[in-house]
Each structure stands twice: as C-alpha cells, then as structure tokens.
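For the sequence shown, UniProt numbering begins at 1 and goes up steadily by one.
All C-beta atoms, glycine included, are put in the ideal place defined by N, C-alpha and C.
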Amino acid sequence: MTPDLLCIGAVLWDVIGRSNAYMERGSDVPGRITRIPGGVALNIAMAARAYGMTPTLLSVVGRDAEGDALVAACARLGLLTDTLYRSDDLRTDVYMAVEGANGLIAAIADAHSLEAAGDKILSPLADMPDWSGPIALDGNLTLDLLARIATDPAFARTDLRVAPASPGKAERLIPFLSHAAATLYVNLEEAGLLLHAPQANAITAAEAMRARGLYRAIVTDGPRLAACAGPGGTVTRHPRRVMVTRVTGAGDTFMAAHIAAEASGASSDAALERACEAAATYVSGDTY
Numbered sequence: 001m002t003p004d005l006l007c008i009g010a011v012l013w014d015v016i017g018r019s020n021a022y023m024e025r026g027s028d029v030p031g032r033i034t035r036i037p038g039g040v041a042l043n044i045a046m047a048a049r050a051y052g053m054t055p056t057l058l059s060v061v062g063r064d065a066e067g068d069a070l071v072a073a074c075a076r077l078g079l080l081t082d083t084l085y086r087s088d089d090l091r092t093d094v095y096m097a098v099e100g101a102n103g104l105i106a107a108i109a110d111a112h113s114l115e116a117a118g119d120k121i122l123s124p125l126a127d128m129p130d131w132s133g134p135i136a137l138d139g140n141l142t143l144d145l146l147a148r149i150a151t152d153p154a155f156a157r158t159d160l161r162v163a164p165a166s167p168g169k170a171e172r173l174i175p176f177l178s179h180a181a182a183t184l185y186v187n188l189e190e191a192g193l194l195l196h197a198p199q200a201n202a203i204t205a206a207e208a209m210r211a212r213g214l215y216r217a218i219v220t221d222g223p224r225l226a227a228c229a230g231p232g233g234t235v236t237r238h239p240r241r242v243m244v245t246r247v248t249g250a251g252d253t254f255m256a257a258h259i260a261a262e263a264s265g266a267s268s269d270a271a272l273e274r275a276c277e278a279a280a281t282y283v284s285g286d287t288y
C-alpha cells in the first residue's frame, strides 16, 4: 500500500482505567482497565485509517515482547509499520491514565524511548523526497527536535499538522507559531499556554495565534465553540452535546477527522464540522 499520511510521534501502549463513578484524589472505585494501542501519532493514524486514509508511522518501538505485540496490532489495523525505528536498547513506551465520570483524573506518559531515539525516527523521510501529503506531528518529541523541524527547510512548505501531546507539553510548540505552512490543533488551555495569556474563547485564541504568523490555528473548547483561523478567515462550529464516557484520544480523533475531511476535498467549514462530529461521537463512546 502507498501511504497518504505520515504520523510522527508517540506509538505506545495505552493503559486506561475507567470508572462510571465521580472520582477525586484518593478514590478507590470499581471500573475497567484496558490496554490498547495508543500515543498521539498512533491515535491519529488509527482514526485516519477508519476514515479511509492509509497512514504510515514514524516512531520508535522496542524489540521487546510489548513492542512485537504493538507492531502486530498496528499491522492488523491496516497501518504501515515498516517506517518504525525498532530499537534493541529502548523499551516500548507506555501511557497510563485514570478516567472517572468527571473526566480525566490523572495520567502519566512514559515516552522516554521516543525522546531518547531523537531524530532517528525521521530517517525514513530521506526515502520520501517528493512527499506532498499531510504530515501529523505530535508534541511528544523533544523540544530540540521540534524546534529543528520548525526551522528545517524540508518542512517549510509541507502540509504540516501539529498537536501537543498534553497541556504540559504545549509550550514545546512555540517554534511553530511563526511557521508559514503549519496548522496547529490545540484546545483553549493549550492556546493560552502557547500565547502566554489566558484566552477568552476559541475564536480569540485561534486569531491570536494566526496573528503571530502561523498559517492556520484550530482551537477546541470541549462542548463549547470550536474555531479555525486561516488564510480564508475564521470559521466556527458548536459541537453536538453528548454524554461523555471517555476523553483520552478525543483530540487525536478530532485532528484525524479534520485531516481526512480536507484530504477528500471538504471546505474549511465542512472539515471543522466533520471533526467536531467525530470528536462528539468518540467521547460519547459510540464507534466512529
């Protein structure tokens, strides 16, 4: 198969504990614990595959039992894995989260192998000098590597789609704020961290990032208005209200749906609508 989307970043196991109970610090409640393929880059790839795209993964996976199982799972999902860097020295990364009825309670991302691998994960790009499709990049890479990508002439005119891995890593994306070809996907909190000032709503946040020289900014705010500010102006969309049953991976699903919609020729307004609908379907627990 020929890929039509490059996904660069975290490819790991998600260990998610979910409960229908309201949880606070120290809560001990019944629920379910699952282990599923995850990581920002992989979540985007899986969702994009569900929307008809053929993604390939640029990341690091250890040559351990967990890594072999993860690569096999990715292949079964129809993802291209021959671009993965398989390390003998680094173990497969893992993300652990606890979610309650009141949302995400706590999470730990053990992505040390991705950080240690550095630019080795980008080596397959040397065999793709004529790549013209979208590139999904996640903020789990080191600050130094992200800064290099932001100023690398090889990425200057690519269709670069960038997302932070979490609010705690949002400031790693500051070098992209003046990138003339990048699209940043952030939530309102992350936008405030990038701009070093709280933002009133998605519209003001997206337009403020656009004013910094960014090609396009897409800002979500949970169930509230989402906005996309780009060369053609600003479009907005109110997400459909749903009962929230899961949150981990919602932003990745939104981004994948938006990329897939535009790849199929959707307008800016239609792509934002599809992305909001995909995220609403995801957090409600329905299949997408």
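Task: For E190, the first and last residue of its enclosing beta strand (DSSP E) - done: Within the sequence shown, numbered from 1, the residue matching residue 190 stands at position 190. No beta strand (DSSP E) contains E190, which is instead part of the alpha helix (DSSP H) from 188-195.
- [ ] Take the Cβ of A106 as the centre, count every other Cβ of all protein chains shown within 10 Å, and call the residue buried at 16 or more, exposed below.
- [x] Counting from 1 along the sequence shown, the entry for residue 106 is found at position 106. A106 is classed as exposed because its beta carbon has fewer than 16 other beta carbons within 10 Å across all chains shown.
TODO: Give the single residue among H238, E277, M96, P134 whose Cα lies nearest to the Cα of T183.
DONE: Residue numbering aside, residue 183 sits at position 183 when the sequence shown is read from its first letter. For T183, the nearest C-alpha among the options comes from P134.
Open item on the list: Contact defined as beta carbons within less than 8 Å: I believe A229 pairs with R212. What is the distance between those atoms, to the nearest angstrom?
Closed with: One-based indexing of the sequence shown puts residue 229 at position 229. One-based indexing of the sequence shown puts residue 212 at position 212. About 11 Å; that fails the 8 Å criterion.
TODO: List the DSSP bridge partners of P30.
DONE: Translated into positions along the sequence shown, residue 30 becomes position 30. Under DSSP, no beta-bridge partner is assigned to P30.
Task: R241 classed as buried or exposed, judged by whether at least 16 other C-beta atoms fall within 10 angstroms - done: Taking the first residue of the sequence shown as 1, we reach residue 241 at position 241. Classification of R241: exposed, given that the 10 Å Cβ count is below 16.
- [ ] Could you check which residue in D88, V60, L12, L160 has the C-alpha nearest to that of D82?
- [x] For the purposes of this step, residue 82 is taken as the residue at position 82 of the sequence shown. Of D88, V60, L12, L160, the smallest CA-CA separation from D82 is found for V60.
Task: Where the beta strand (DSSP E) through L141 begins and ends - done: Counted from its first residue, the sequence shown places residue 141 at position 141. Taken as a continuous stretch (DSSP letters only), L141 belongs to no beta strand (DSSP E), as it is neither H nor E.
TODO: Please classify R76: is it buried, with 16 or more other beta-carbons within 10 angstroms of its beta-carbon, or exposed?
DONE: Here residue 76 refers to the residue found at position 76 of the sequence shown. Residue environment for R76: exposed (fewer than 16 other C-beta atoms within 10 angstroms of its C-beta).
Task: Euclidean distance between Cα positions of E189 and D252 - done: Numbered from 1 along the sequence shown, position 189 holds the residue referred to as residue 189. Numbered from 1 along the sequence shown, position 252 holds the residue referred to as residue 252. Answer to the nearest angstrom: the Cα atoms are 16 Å apart.
- [ ] Report buried or exposed for E24, applying the criterion of at least 16 other Cβ atoms within 10 angstroms of its Cβ.
- [x] Position 24 of the sequence shown holds residue 24. When all chains shown are included, E24 counts as exposed.
- [ ] Would you check if there are 3 or more beta carbon pairs closer than 8 Å linking the region 166-176 to the region 137-149?
- [x] Remark: three or more beta-carbon pairs, one from each stretch, lie closer than 8 Å, so the region 166-176 and the region 137-149 are flagged as touching.
Task: 4-residue-minimum alpha helix (DSSP H) runs that sit fully inside the region 90-171, ordered along the chain - done: Taking 4 residues as the minimum length, the alpha helix (DSSP H) runs contained wholly in the region 90-171 are 112-117, 143-151, in order along the chain.
Task: Cutoff 7 Å; reference A156; Cβ partners in own chain excluding five residues on either side - done: Looking up residue 156 in the sequence shown gives position 156. Excluding sequence neighbours, A156 sits near A181.
Task: Integer-rounded CB distance, given that D93 should sit under 8 Å from D110 - done: Translated into positions along the sequence shown, residue 110 becomes position 110. Translated into positions along the sequence shown, residue 93 becomes position 93. 6 Å between Cβ atoms; contact.
TODO: For my contact list, G62 and R91 are in at a C-beta cut-off of 8 Å; report their separation, rounded to the angstrom.
DONE: Working through the sequence shown from its first residue, we reach residue 62 at position 62. Working through the sequence shown from its first residue, we reach residue 91 at position 91. 4 Å between Cβ atoms; contact.
- [ ] Quick one: grab the DSSP three-state call for T248.
- [x] Reading the sequence shown from its first residue, position 248 is the one you call residue 248. If DSSP states are grouped into helix, strand and coil, T248 belongs with coil.
Open item on the list: Out of P3, R49, G100, L5, which one is the CA nearest neighbour of G26?
Closed with: Position 26 of the sequence shown, counted from the start, is the residue given in the question as residue 26. For the residues P3, R49, G100, L5, the minimum Cα distance to G26 belongs to G100.
Task: Exposed unless 16 or more other CB atoms sit within 10 angstroms - verdict on H179 - done: Here residue 179 corresponds to residue number 179 of the sequence shown, with the count starting at 1. H179 comes out buried.
Open item on the list: Below 8 Å, how does it come out for the region 4-22 and the region 214-222: are there three or more Cβ pairs, yes or no?
Closed with: No: fewer than three Cβ pairs fall under 8 Å.
- [ ] Could you name the residues that DSSP lists as bridge partners for A227?
- [x] Translated into the one-based positions of the sequence shown, residue 227 becomes position 227. Note: A227 sits in a beta bridge opposite V219, T236.
Open item on the list: Which same chain residues end up closer than 6 Å to I121 when comparing Cβ atoms and leaving out the 5 residues on each side of it in sequence?
Closed with: Locating residue 121 in the sequence shown gives position 121, counting from the first residue. L58, S59, V60, Y85.
Open item on the list: Looking at the secondary structure, which residues open and close the beta strand (DSSP E) in which V15 lies?
Closed with: Along the sequence shown, one-based indexing puts residue 15 at 15. Secondary structure note for V15: its beta strand (DSSP E) is the uninterrupted segment 12-18.
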